[in-house]
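Chains D and F supply the protein sequences, listed in that same order. So the mapping is simple: this note's numbering equals the position in the first sequence, first residue as 1, plus 968. So the mapping is simple: this note's numbering equals the position in the second sequence, first residue as 1, plus 968. The beta-carbon is built from N, C-alpha and C at its ideal position, and this holds for glycine as well. Down below is the structure, laid out as structure tokens.
There are 2 protein chains.
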Amino acid sequence: MFSFSLEHQEKNSQARLGLIRTAHGEIRTPVFMPVGTQGTVKALTPEDLVSLEVPIILANTYHLYLRPGHDRIRRLGGLHRFMHWDRPLLTDSGGYQVFSLGALRKITPEGVSFRSHLDGSSHFLTPELAMEIQAALGSDIAMCLDECPPYPATYEYACSSLELTLNWARRCRQARAGEGQALFGIVQGGVFPDLRRESAAALREIGFDGYALGGLSVGEPPEERLETIARTLPLLPADRPRYLMGLGTPEDLVEGVERGADMFDCVLPTRNARNGMLFTRRGEISIKNAAYAEDPGPIDPECGCYTCRNYSRAYLRHLYLAKELLSYRLHTWHNLYYFMELMQEIRQAVANDRFEDFKTTFYLQRKES
Amino acid sequence: MFSFSLEHQEKNSQARLGLIRTAHGEIRTPVFMPVGTQGTVKALTPEDLVSLEVPIILANTYHLYLRPGHDRIRRLGGLHRFMHWDRPLLTDSGGYQVFSLGALRKITPEGVSFRSHLDGSSHFLTPELAMEIQAALGSDIAMCLDECPPYPATYEYACSSLELTLNWARRCRQARAGEGQALFGIVQGGVFPDLRRESAAALREIGFDGYALGGLSVGEPPEERLETIARTLPLLPADRPRYLMGLGTPEDLVEGVERGADMFDCVLPTRNARNGMLFTRRGEISIKNAAYAEDPGPIDPECGCYTCRNYSRAYLRHLYLAKELLSYRLHTWHNLYYFMELMQEIRQAVANDRFEDFKTTFYLQRKES
């Protein structure tokens, strides 16, 4: 079971509101999806995520395939039950992580062979296996296996890479997703407008439940990234969700929504939390800053999260410097609260056709820091 | 504000029920105190501890003195406010950690000089400084600075060590605890009955709000330890709490209560949790055991804790092997739940004058594993 309905199209931009329905619940878009790489959003329980009003999380096929293994998770009742999360789940295809292995992997038309980062064992990931793994995990939304070309890439490389990705997309569609599982295609083509156009058109012809924009934030200049997003999203069907993969600075979310994106994922809020980098409306702060050593105030006086209501910067700095486990949890809570509140404000602004005002205030506040 | 009332003396053993009143709340004894070394019980929030019905925790003077510094904590309103914990707190004197530094410390009659394990800086801990630090932290119960002789120690060494400890106890009493802070003396004397007797008598003469038994679990045979506990506790005033320092296996708690101990602390449940060692009524299990790889059952089918209600051994093993932060939290929750439930059952058994039955069942269950 999967459906998307476009609820509102903003008057002055491409920003839009939507509602995704899955067997595990509804998701109001635009939405940010925290990453739970190994079947857990690091340092938080599912109950914490529910308190934070997180409607959907992402899990990584590559990691779960290697450990504890997708067959094991299937035998244990699927990923939802395994990790005690009953809201929607999206799984990636494993491709991105495999391509990140560099010298440890080799691409062929059939698939990609690689060595595990855990034990060096050899594996061969094909579009069919990517679908099989995701079906075993039982995610609500599965992704096609694609190749994400590096930046810069020659036109020739981007061209043949796209051909491979489209071929794999057809094979994924053919292999079919699991029972009740939605399947999203991924638009590639680097920063070449004609390739992005070709990619979007070909995927539409194959037909998917949703469409993602991949291959961004791989080193290209921000202007080229925004230009690619602005040009490509309108080529995708308006009645399907549009997912901007791997982008997740607060600015990325605002700019992406303005150009018509519905879904986002990124490790940024959770990873930065563990590094003591905390988001506020006035920009990011580093909790280890000596200026906070005796600061009795919260991370962000404008924030209403559990961490800001109960702990001082001085205490959080102490926990961070002492490498205390509670540090990771309190920081992750705060950063995700910030991201969830930001998305809520974005949705409200879109609903009121006031997205431009929202964006102006958003950037003004950041300049005041 | 501090008081202790003896509520019930068990008919068939030295076990007893008591009630400690402090400015931060009441504590029913016998009680187990989890350790929050650096101003946090590792991986848990204060709200978690309240859910677990933890009435009091211990914090370490040595660690907090070095980082973030007791003066800093005082300026930030004391340790309760600093760490967001409004229930009772006990602080140790810092002595035990300093003596554990081995070659890095040197004892004189005046105090003990040592080098920080963090940065090698030089420090000199005296009874007066131990009291000053604990007053700055603002704990409800402070401990005297003592020397904990190693095992085995010669009678001569134990004798002169005891003299030092008694002298320091007098200086601690003289220096006085913080406003409203209780001060406990610590009985030393190794495994020598006459020295323990002398120590207890001298401390009673000085007069303290409570009395601890120190210097145990340092390598002495279990029989000698139990013998020392059994012989020494009755030498302490019945109308004051008796604290058995640093002992904390489930067996230690049962045997200690039987011999008249009211308070316990130990890093065992929290440290073992982080090492994947989990307590059950049938004994400890190691979650990394390959037998649990596809085990859909909880850690302990007889346990009602959050972790056991929601997560399988298979998932917990996965989290542990993947070194996921959630692992430490879920395991710590389980182990502390076990310890809190054990103490609750102990108190119930004492209240019903059925401690012997309880103890028989306790050991029978462990044999069945």
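Requested in this report: Determine the closest residue to Pro1190/F out of Pro1269/F, Lys1327/F and Thr1217/F, with distance taken between C-alpha atoms.
Outcome: Numbered from its first residue, the second sequence carries residue 1190/F at position 222. Nearest of Pro1269/F, Lys1327/F and Thr1217/F to Pro1190/F, Cα basis: Thr1217/F.
Query - Contact between the region 1044 to 1055 of chain F and the region 1119 to 1138 of chain F (3+ Cβ pairs under 8 Å) - result: no
**Report entry** Residue nearest to Met1001/D in terms of C-alpha spacing, selected from Thr1275/D, Pro1023/D, Phe1082/D and Ser981/D
**Finding:** Along the first sequence, read from residue 1 onward, the residue named residue 1001/D stands at position 33. For Met1001/D, the nearest C-alpha among the options comes from Pro1023/D.
Query raised in the report: Whose C-alpha, out of Thr1300/F, Phe1067/F and Leu1026/F, is nearest the C-alpha of Leu1012/F?
Result: Looking up residue 1012/F in the second sequence gives position 44. Distances from the CA of Leu1012/F to each of Thr1300/F, Phe1067/F and Leu1026/F were compared; the closest alpha carbon is that of Thr1300/F.
Query raised in the report: If you draw a straight line from the alpha carbon of Leu1181/D to that of Arg1227/D, how long is it in whole angstroms?
Result: As a position in the first sequence, residue 1181/D is number 213, starting the count at 1. As a position in the first sequence, residue 1227/D is number 259, starting the count at 1. Cα to Cα, the separation comes out at about 12 Å.
Query raised in the report: Using the rule of at least 16 other Cβ atoms within 10 Å of the residue's Cβ for burial, across every protein chain shown, is Lys1327/D buried or exposed?
Result: Counting from 1 along the first sequence, the entry for residue 1327/D is found at position 359. Buried is the call here.
Report task. For Phe970/D, write down the residues that DSSP places opposite it in a beta bridge. Result -> Here residue 970/D corresponds to residue number 2 of the first sequence, with the count starting at 1. Thr990/D, per the DSSP bridge assignment.
**Report entry** Coarse secondary structure for His1052/F, derived from DSSP in three states
**Finding:** Along the second sequence, read from residue 1 onward, the residue named residue 1052/F stands at position 84. Coil, per DSSP.
Query raised in the report: Taking Ile1109/F as the reference, which of Arg1164/F, Thr1122/F, Gln1142/F and Arg989/F has the closest Cα?
Result: Here residue 1109/F corresponds to residue number 141 of the second sequence, with the count starting at 1. Closest option to Ile1109/F, judged by alpha-carbon separation, among Arg1164/F, Thr1122/F, Gln1142/F and Arg989/F: Arg989/F.
Requested in this report: Report the residue ranges of all beta strand (DSSP E) runs contained in full by the region 1241 to 1285 of chain F; include only those spanning at least 3 residues, in chain order.
Outcome: 1245 to 1248 and 1251 to 1254
Requested in this report: With DSSP as the reference, label Met1213/D as helix, strand or coil.
Outcome: As a working note, residue 1213/D is residue 245 in the first sequence. Met1213/D: coil per DSSP, three-state reduction.
Query raised in the report: Quick one, which residues of the region 1029 to 1059 of chain F are near chain D if we go by CB-CB under 7 Å, in chain order?
Result: Arg1035, Pro1036, Arg1040, Arg1043, Leu1044, Phe1050, Met1051 and His1052
**Report entry** is_contact[Gly1007/D, chain F] using C-beta, thresh 8 Å
**Finding:** If you number the first sequence from 1, residue 1007/D lands on position 39. It does: the Cβ of Gly1007/D has a partner Cβ on chain F nearer than 8 Å.
Query raised in the report: Based on the DSSP output, what are the partners of His1091/F in its beta bridges?
Result: Mapped onto the second sequence, residue 1091/F falls at position 123. BP columns for His1091/F point to Phe1082/F.
Query - Cβ neighbours of Phe1323/F in the same chain (closer than 8 Å, five flanking residues each side left out) - result: Translated into the one-based positions of the second sequence, residue 1323/F becomes position 355. Excluding sequence neighbours, Phe1323/F sits near Glu978, Asn980, Ser981, Ala983, Val1225, Glu1226, Ile1314 and Ala1317.
Query - Range covered by the beta strand (DSSP E) that runs through Asp1233/F - result: The residue given as residue 1233/F occupies position 265 in the second sequence. Counting along the chain, the beta strand (DSSP E) containing Asp1233/F begins and ends at Met1231 to Asp1233.
Query - Endpoints, the beta strand (DSSP E) within which Gly1178/F is located - result: Stepping through the second sequence from its first residue, residue 1178/F is reached at position 210. It spans Gly1178 to Leu1181 - the beta strand (DSSP E) in which Gly1178/F sits, taken as one unbroken run.
Query raised in the report: Are the CB atoms of Cys1116/F and Gly1153/F nearer to each other than 8 Å?
Result: Counted from its first residue, the second sequence places residue 1116/F at position 148. Counted from its first residue, the second sequence places residue 1153/F at position 185. It is not a contact, given that the beta carbons lie outside the stated cut-off.
Requested in this report: For Glu1270/F, decide whether its Cβ has a neighbour in chain D, counting only Cβ atoms nearer than 8 Å.
Outcome: Stepping through the second sequence from its first residue, residue 1270/F is reached at position 302. No, because no Cβ of chain D sits closer than 8 Å to the Cβ of Glu1270/F.
Query raised in the report: DSSP state of Thr1328/F, grouped into three classes?
Result: Counted from its first residue, the second sequence places residue 1328/F at position 360. DSSP places Thr1328/F in helix when its eight states are reduced to three.
Query raised in the report: DSSP state of Arg1035/D, grouped into three classes?
Result: In the first sequence, the residue the question calls residue 1035/D occupies position 67. Three-state result, Arg1035/D: coil.
Query raised in the report: With C-beta atoms as the reference, is Leu1026/F less than 8 Å away from Val999/F?
Result: Numbered from 1 along the second sequence, position 58 holds the residue referred to as residue 1026/F. Numbered from 1 along the second sequence, position 31 holds the residue referred to as residue 999/F. Val999/F is positioned such that its CB atom lies no closer than 8 Å to that of Leu1026/F.
Query raised in the report: Can you name, in chain order, every residue of its own chain whose Cβ lies under 7 Å from the Cβ of Ala1094/D, other than the five neighbours on each side?
Result: Walking along the first sequence from the start, residue 1094/D turns up at place 126. Checking the sequence shown, residue 1094/D turns out to be Thr, not Ala. Excluding sequence neighbours, Thr1094/D sits near Glu1078 and Gly1079.
Query raised in the report: Applying a beta-carbon distance threshold of less than 8 Å, which residues of chain F neighbour Ala1282/D?
Result: Position 314 of the first sequence, counted from the start, is the residue given in the question as residue 1282/D. Near Ala1282/D (Cβ distances below 8 Å), the residues of chain F are Pro1036, Arg1040, Leu1044 and Phe1050.
Requested in this report: Run the CB neighbour count on Pro1237/F, radius 10 Å, all protein chains shown included, and call it buried at 16 or more, exposed below.
Outcome: Counted from its first residue, the second sequence places residue 1237/F at position 269. Pro1237/F should be labelled buried.
Query raised in the report: Can you find a C-beta in chain D that's less than 8 Å from the C-beta of His1302/F?
Result: Translated into positions along the second sequence, residue 1302/F becomes position 334. For His1302/F, the answer is no, since every Cβ of chain D falls outside 8 Å of its Cβ.
Query raised in the report: Residue ranges of each alpha helix (DSSP H) run of no fewer than 4 residues wholly in the region 1106 to 1151 of chain D, ordered along the chain?
Result: 1123 to 1143
Report task. Output, in sequence order along the chain, the residues in the region 1250 to 1270 of chain F whose CB is closer than 8 Å to any CB in chain B. Result -> Annotation note: the requested chain B is absent from the structure, which comprises protein chains D and F.
Query raised in the report: Nearest-angstrom Cα distance between Val1009/D and Gly1088/F?
Result: Here the question's residue 1009/D lines up with position 41 in the first sequence. Here the question's residue 1088/F lines up with position 120 in the second sequence. Approximately 37 Å between the Cα atoms of the pair.
Query - Rounded separation between Tyr1030/F and Arg1242/F - CA only - result: Taking the first residue of the second sequence as position 1, residue 1030/F is located at position 62. Taking the first residue of the second sequence as position 1, residue 1242/F is located at position 274. About 22 Å.
Requested in this report: Would you mind reading off the limits of the beta strand (DSSP E) that contains Arg1073/D?
Outcome: Numbered from 1 along the first sequence, position 105 holds the residue referred to as residue 1073/D. Counting along the chain, the beta strand (DSSP E) containing Arg1073/D begins and ends at Arg1073 to Ile1075.
Query raised in the report: Exposed or buried, which one is Gln1312/D when buried takes at least 16 other CB atoms within 10 Å?
Result: Against the first sequence, residue 1312/D aligns to sequence position 344. It counts as exposed.
Query - Residues in the region 1222 to 1241 of chain F having any Cβ partner in chain D nearer than 8 Å - result: Taking 8 Å as the Cβ-Cβ cut-off against chain D, none of the residues of the region 1222 to 1241 of chain F qualify.
Query raised in the report: Measuring CA to CA, which of Thr1196/D, Pro1202/D, His1052/D and Phe1247/D is closest to Thr1275/D?
Result: Position 307 of the first sequence, counted from the start, is the residue given in the question as residue 1275/D. When only C-alpha atoms are compared, the closest one is Phe1247/D.
Query raised in the report: Closest by CA to Ser1185/F, which one among Met1213/F, Ala1258/F, Asn1257/F and Cys1271/F?
Result: As a working mapping, residue 1185/F is identified with position 217 in the second sequence. Looking at the Cα atoms, Met1213/F is the closest of the given residues.
Query raised in the report: Rounded to a whole number of angstroms, what is the C-alpha to C-alpha distance between Pro1349/D and Arg1042/F?
Result: Missing from the structure shown is residue 1349/D; chain D here goes from 969 to 1337 and no further.
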